[in-house]
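*Asks:* Questions regarding the structure given below will be posed in turn.
Pasting the structure below:
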């Protein structure tokens, strides 16, 4: 919930939340995101796995990963940013504003 409030502060007008890889893909298909803000570890699946599937289906979309385990995102070279938890609120908002279309 905290991250969605920060995204709103950065200008997001519509936010889809998902805690599994499958739900993230379903949400993206229902409403194409302008920016993806994802944790690396999800309850089922992974953020990078969800993002790969979403980008395969929908094309390039800017991505911000927020994680306590940045070493799990070594293959995330396409990400606009990988922010380490605990995330700095100002850094997240600034990154979101910088990459949002």
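Residue numbers (the working numbering): 88 to 188. Ideal Cβ placement from N, Cα and C applies to all residues, glycine included. All of these numbers come straight from a predicted model, not from anything done at the bench.
1. According to DSSP, is residue 91 part of a helix, a strand, or is it coil?
2. Among the residues of its own chain, which have a CB less than 8 angstroms from the CB of residue 182, if the five just before and after it don't count?
3. With a cut-off of 8 angstroms, do at least 3 Cβ pairs link the stretch 113 to 129 to the stretch 96 to 103?
4. With H, G and I counted as helix, E and B as strand and the rest as coil, what does DSSP make of residue 176?
5. Just verifying my parser: in three-state terms, what is the DSSP assignment at residue 181?
6. Which residue comes first and which comes last in the alpha helix (DSSP H) that contains residue 156?
*Replies:* Reading off the structure:
1. One-based indexing of the chain shown puts residue 91 at position 4. Residue 91 falls in the helix class under three-state DSSP.
2. Residue numbering aside, residue 182 sits at position 95 when the chain shown is read from its first letter. Apart from sequence neighbours up to five positions away, the residues of its chain that approach residue 182 with a beta-carbon distance below 8 angstroms are 151, 167, 168, 170, ordered along the chain.
3. Cβ pair count under 8 angstroms is three or more, so yes.
4. As a first step, residue 176 must be located in the chain shown, where it is residue number 89. Helix at residue 176.
5. As a working note, residue 181 is residue 94 in the chain shown. Residue 181 sits in a helix when the DSSP states are folded into three classes.
6. Looking up residue 156 in the chain shown gives position 69. Residue 156 -> no alpha helix (DSSP H), and no H or E assigned at all.
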